[in-house]
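Enquirer: Before I ask anything, here is the structure I am working with.
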Amino acid sequence: MELSEKLVLALPKGRILEEVMPLVRKAGIEPEADFDDPKSRKLEFDTNIPNLSIIRVRAFDAATFVAFGAAHLGVVGNDVLQEFGYSDLYSPLDLDIGHCRLSLAMPVDEAEEDPKEWSHIRVATKYPNMTREYYAERGIQAECIKLNGAMELAPKLGLSRRIVDLVSTGGTLKANHLKEVEVLTHITSRLVVNRPAFKTRPQEVSYWIERFREATQDGTASK
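Residue numbers (full-length UniProt numbering): 1 to 223.
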C-alpha cells in the first residue's frame, strides 16, 4: 500500500494520557524518547511507525485537531464530543478509560434542594452546551457562565451557587465544601477519526481502528 502524507494521532495531556499510553503501545505504536522526557518542549513526536506521528495537546483541542483534519485520529472524552458536536468526528471505539462523570455540585449547606423544583439556575461550567441542553430537557433554564478551570471557586466567591464539572473521586469537591447533587452523564474516552480521512484513506485508518480495538479487548481481558 502506497502511503501519502503522514497520519497524525492526537493524544490529550494529563491523566488520560497516562491511561491511554498502554493501549497505544499495545496497538504497536512506540513514540520517540522525547515523548517520555518531562523536560522536552516538543509537541509532535515521531514513532516507530514511519508514516505515523503523535501530537500531545489539551483534551478539548484534540477534538478540534481531528475535526478539522490537522490530525487524522485522536483520543477524546465523550464529554468533549457532546459539548462540541463536530460533524466531521467519527467515534468508532470506546476505549474504556478515563472514567468519570459530569455532575452538578453545590455548597454542602445548600445541597438538599430538590432539582425538580428548579425553574431557572445559574451555573459556572466548562460545558455550557451540555448543561443548557440537559436542563432544557427538564424544563429548567440554565444560565451558564463559561469558565475553563477553578470551577470550585465560583460558589465561594459569589459567581454562581452551582457548578457543572467533571468528577472522578469527588475529593476536590469535598475539599472545597461542595456536594455532588446530580449526575448529568457518565464519561469515557473514545478513539475518534476524521470522517474525510476515513473516506480518502480507509485502509490506513481502518487498520489503526482495529489495532486499538484489539488493544482494548486485550486490556479488558486482563482486568
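Don't be surprised by glycine CBs; every beta carbon is placed ideally from N, CA and C.
Less than 8 Å between the CB atoms is what I'm expecting for M106 and V181, so what's the real figure, rounded?
Expert: Counted from its first residue, the sequence shown places residue 106 at position 106. Counted from its first residue, the sequence shown places residue 181 at position 181. At roughly 5 Å, the Cβ-Cβ gap stays under 8 Å, so M106 and V181 are in contact.
Enquirer: Does the beta-carbon distance from R162 to C144 come in below 8 Å?
Expert: Looking up residue 162 in the sequence shown gives position 162. Looking up residue 144 in the sequence shown gives position 144. Not a contact, by the Cβ cut-off of 8 Å.
Enquirer: Would you call the CB atoms of Q82 and M151 closer than 8 Å?
Expert: Taking the sequence shown and counting its residues from 1, one reaches residue 82 at position 82. Taking the sequence shown and counting its residues from 1, one reaches residue 151 at position 151. M151 sits away from Q82, with the two beta carbons spaced by 8 Å or more.
Enquirer: How long is the line joining the alpha carbons of L184 and E137, rounded to whole angstroms?
Expert: For the purposes of this step, residue 184 is taken as residue 184 along the sequence shown, with counting starting at 1. For the purposes of this step, residue 137 is taken as residue 137 along the sequence shown, with counting starting at 1. Taking the CA atoms as reference points, L184 sits about 12 Å from E137.
Enquirer: What residues in its chain sit with their C-beta under 6 Å from that of A27, if we drop five residues either side in the sequence?
Expert: Start at 1 with the first residue of the sequence shown, and residue 27 comes out as number 27. Cβ contact annotation for A27 (same chain, cutoff 6 Å, sequence separation greater than five): R211, F212, A215, in chain order.
Enquirer: On a Cα-Cα basis, can you pick out the residue from L159, V8, L73 that is closest to residue 225?
Expert: Only positions 1 to 223 of the chain appear in this structure, which leaves residue 225 out of reach.
Enquirer: With respect to the beta strand (DSSP E) encompassing T188, which residues constitute its N-terminal and C-terminal limits?
Expert: Within the sequence shown, the letter at position 188 stands for residue 188. Element bounds for T188: n/a, residue is neither H nor E.
Enquirer: Here's the rule I'm using: 16 or more other beta-carbon atoms within 10 Å means buried, otherwise exposed. How should A142 be labelled?
Expert: Position 142 of the sequence shown, counted from the start, is the residue given in the question as residue 142. A residue is called buried when at least 16 other Cβ atoms come within 10 angstroms of its Cβ; A142 meets this threshold and is buried.
Enquirer: With the cut-off set at 8 Å, would you say G74 and F65 are in Cβ contact?
Expert: Here residue 74 is taken as the residue at index 74 of the sequence shown, counted from 1. Here residue 65 is taken as the residue at index 65 of the sequence shown, counted from 1. Cβ atoms of G74 and F65: closer than 8 Å.
Enquirer: So, are the CB atoms of L173 and V167 less than 8 Å apart?
Expert: What you label residue 173 is simply residue 173 of the sequence shown in a count that begins at 1. What you label residue 167 is simply residue 167 of the sequence shown in a count that begins at 1. Yes, these two residues count as a Cβ contact at 8 Å.
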